[in-house]
Amino acid sequence: MLTIRDVGIVPSVERFVSTNYLLRHFVVLALLVILTLLASTLAYALAVHYGHPTQFSSSDPRVGFQAGTSGRDTMDIISACASTLITCVYTSVHFDVPRSYAHRLPLLQKLRAKDYWLELWTKASFWLLAVFSPEMLVLHAFYEHVIAARDVAWMRAHGHAEWSLALAFAADMGALAAEDGHRVRSGFALHEAARGGGAGGAGPAFDCAALEHELADRTKADTLFKALTALQIARFLAGTLARAAKRLPVAPLETVTCAYVLCTLVYYGLWLRKPYNVNERIVVRVKPALARARPVQELVANEAKAQARWKWVPEAVRGFWEKTCVRFIEPPMKDTDRLRGSERLWQTSPYMTQGSLIAAAASLLVGFAHLFCWDVEFPNSNGQVLWRCCTVLLIVLPVIVFVIILGAAILDTRWVTDAMNKMALTLIVIYCIARLILLILLGHSFQSLPAGVYSTQDISWLSFIPFIH
Numbered sequence: 037m038l039t040i041r042d043v044g045i046v047p048s049v050e051r052f053v054s055t056n057y058l059l060r061h062f063v064v065l066a067l068l069v070i071l072t073l074l075a076s077t078l079a080y081a082l083a084v085h086y087g088h089p090t091q092f093s094s095s096d097p098r099v100g101f102q103a104g105t106s107g108r109d110t111m112d113i114i115s116a117c118a119s120t121l122i123t124c125v126y127t128s129v130h131f132d133v134p135r136s137y138a139h140r141l142p143l144l145q146k147l148r149a150k151d152y153w154l155e156l157w158t159k160a161s162f163w164l165l166a167v168f169s170p171e172m173l174v175l176h177a178f179y180e181h182v183i184a185a186r187d188v189a190w191m192r193a194h195g196h197a198e199w200s201l202a203l204a205f206a207a208d209m210g211a212l213a214a215e216d217g218h219r220v221r222s223g224f225a226l227h228e229a230a231r232g233g234g235a236g237g238a239g240p241a242f243d244c245a246a247l248e249h250e251l252a253d254r255t256k257a258d259t260l261f262k263a264l265t266a267l268q269i270a271r272f273l274a275g276t277l278a279r280a281a282k283r284l285p286v287a288p289l290e291t292v293t294c295a296y297v298l299c300t301l302v303y304y305g306l307w308l309r310k311p312y313n314v315n316e317r318i319v320v321r322v323k324p325a326l327a328r329a330r331p332v333q334e335l336v337a338n339e340a341k342a343q344a345r346w347k348w349v350p351e352a353v354r355g356f357w358e359k360t361c362v363r364f365i366e367p368p369m370k371d372t373d374r375l376r377g378s379e380r381l382w383q384t385s386p387y388m389t390q391g392s393l394i395a396a397a398a399s400l401l402v403g404f405a406h407l408f409c410w411d412v413e414f415p416n417s418n419g420q421v422l423w424r425c426c427t428v429l430l431i432v433l434p435v436i437v438f439v440i441i442l443g444a445a446i447l448d449t450r451w452v453t454d455a456m457n458k459m460a461l462t463l464i465v466i467y468c469i470a471r472l473i474l475l476i477l478l479g480h481s482f483q484s485l486p487a488g489v490y491s492t493q494d495i496s497w498l499s500f501i502p503f504i505h
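Going letter by letter, the sequence shown gives residues 37 to 505 in the working numbering.
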């Protein structure tokens, strides 16, 4: 049986699987994809078959695909949305360090290496996930960010004052290794490995500044490409807002792309300090001669100051905040959770409930973008009905799934959790079907867009801003 450890695949995949049997999950995922595609296509075909041609108002002329018009044509709209989304996804998705060394091989050997194609498949799957389901990457980025932030807090509380979010991300993505070559997933794991698992004592010291310099040297972030991406986003959003300000019609595809771009900016912001495109690990050397930067007395003093700020708050309010709100914002973490970092994204993982809330919020953003196009009309009368039904599902289902996950976390009973997980999975499949139907309808909408969509009157100044088509 092919396993993740056997093929050395990018560790990001491990967050979403419950066993180490990779092929089994590939098969299940492939079946779900086929089921979703068939159900979406069937629903769309039935809706079109039983509908009738739409009677458009004579005061609002509609046109089909346009080519070579004086303003902009259909391919201008499609290419602008596609190029903006592709550049955003390519520069914003941050991958973990692969376990294999296929990237070191010459080109011809790479093409024959199984590890190379598996890593490429993993990257392609994450890029497709960013295009078709950006809320999942928002969940992924949020989970990594909060785990890294907790790791920074723990390291600084134990004397590593210079331990930064970038280093915590680097450890979590597998870019750091202990002196014995063992890969670590957090600063806590690095601390324990360097300390030898012993108890007590001041613990090891690391030259964090040197680590950051070496990490920056190995990071292959293309600054010029990121600058072009920022210009692309600014130009696309400015064009869409300018059309809305001038009361010119906006294509539904442009509206939905704006929501996707905003989701992309969210997970890019969460990953802002995460090293980009790192393929090699750094061996961290212990520096026993370095002075401990934050003595215990300073930590105690800071804790006393934090408690002093709460003195004016009534005891009942403070108790509710500490037992409920603080526990939700900063759930307790075991040492095993700190050792693994964000290696596991399961039902019982810390911040899973909070992450589900963030993912639901991102899904609502995409749903409201479709809701904004509530009155979009199609050549077939059932097109609008299907659009509205799927839009309602996009708004309602994420909330229901979050409530299910929250209920499973509160009840914390195995059989209840299993039943609720199956319910959530069923709703997620229905959600994916609705998303695919809406994607089909987005293409169908170009057969009956208002003629004003292709007008560039009063916004001709946009042509002076560079834009990738």
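Yeah, the Cβ is synthetic: ideal placement off N, Cα and C, and Gly gets one too.
Taking the Cα positions, R221 is about 17 Å away from R192. Between L400 and V437, the C-beta spacing is not below 8 Å. Of the other Cβ atoms in all chains shown, fewer than 16 fall within 10 Å of the Cβ of D216; this residue is therefore exposed. Ranked by Cα distance from Q102, the first of L308, L71, S161, Q483 is Q483. In the DSSP assignment, A202 falls within the alpha helix (DSSP H) that extends over 201–208. When DSSP states are grouped into helix, strand and coil, L141 belongs to the coil group. Shown here for H480: same chain residues with a beta carbon closer than 7 Å to its own, the five before and five after excluded, namely F414, G419 in chain order. Per DSSP, reduced to three states, the secondary structure at V220 is coil, with no helix or strand assignment.
The Cβ neighbour count for F500, taken over all protein chains shown within 10 Å, is under 16; the residue is labelled exposed. Measuring C-alpha to C-alpha distances from G391 to each of P97, G104, L173, L144 identifies L173 as the nearest. Uninterrupted alpha helix (DSSP H) stretches at least 4 residues long and entirely within the segment 279–329 occur at 288–306, given in chain order. With contacts defined by Cβ atoms closer than 8 Å, A149 and L156 do not form a contacting pair.
Per DSSP, T127 is one residue of the alpha helix (DSSP H) stretching across 110–128. Selection L393, A184, W190 evaluated against E171 yields L393 as nearest (Cα-Cα). Within the model, the alpha-carbon separation for H406 versus A280 is close to 16 Å. In the DSSP assignment, I440 falls within the unbroken alpha helix (DSSP H) covering 417–447. Taking the CA atoms as reference points, P486 sits about 49 Å from D454.
Bounds of the alpha helix (DSSP H) holding F162 are 150–168. Straight across, the Cα-Cα distance linking R219 with A66 is about 31 Å. Here I469 is not near M456, since their CB atoms are 8 Å or more apart. Three or more pairs of CB atoms, one per stretch, sit closer than 8 Å, so the segment 198–213 contacts the segment 303–316. Going by C-alpha positions, H176 is about 37 Å away from D109. Secondary structure at R98: strand, using DSSP grouped into helix, strand and coil.
Of F168, R98, L212, the smallest CA-CA separation from V322 is found for L212. Looking at T265, L433, Y137, M209, the one whose alpha-carbon comes closest to that of S119 is T265. DSSP places A213 within a strand segment (E or B) once states are collapsed to three. By the C-beta criterion, the segment 416–430 is judged to be in contact with the segment 78–98, since at least 3 inter-stretch pairs fall below 8 Å. Rounded to whole angstroms, R283 and D494 show a C-alpha spacing of 10 Å.
With a threshold of 16 other beta carbon atoms within 10 Å, Q268 meets it and is buried. Annotated as distal: A197 and L226, with beta-carbon spacing of 8 Å or more.
Of the residues assessed, W497 falls on the exposed side of the cut-off, its CB having fewer than 16 other CB atoms within 10 angstroms. Bridge partners of P486 according to DSSP: R98. For G479, the enclosing alpha helix (DSSP H) stretches over residues 450–480. Membership of F500 in any alpha helix (DSSP H) is not indicated, and neither H nor E is assigned to it by DSSP. Within the model, the alpha-carbon separation for T105 versus H181 is close to 47 Å.
Checking the DSSP bridge columns, you'll see F242 partnered with V322.
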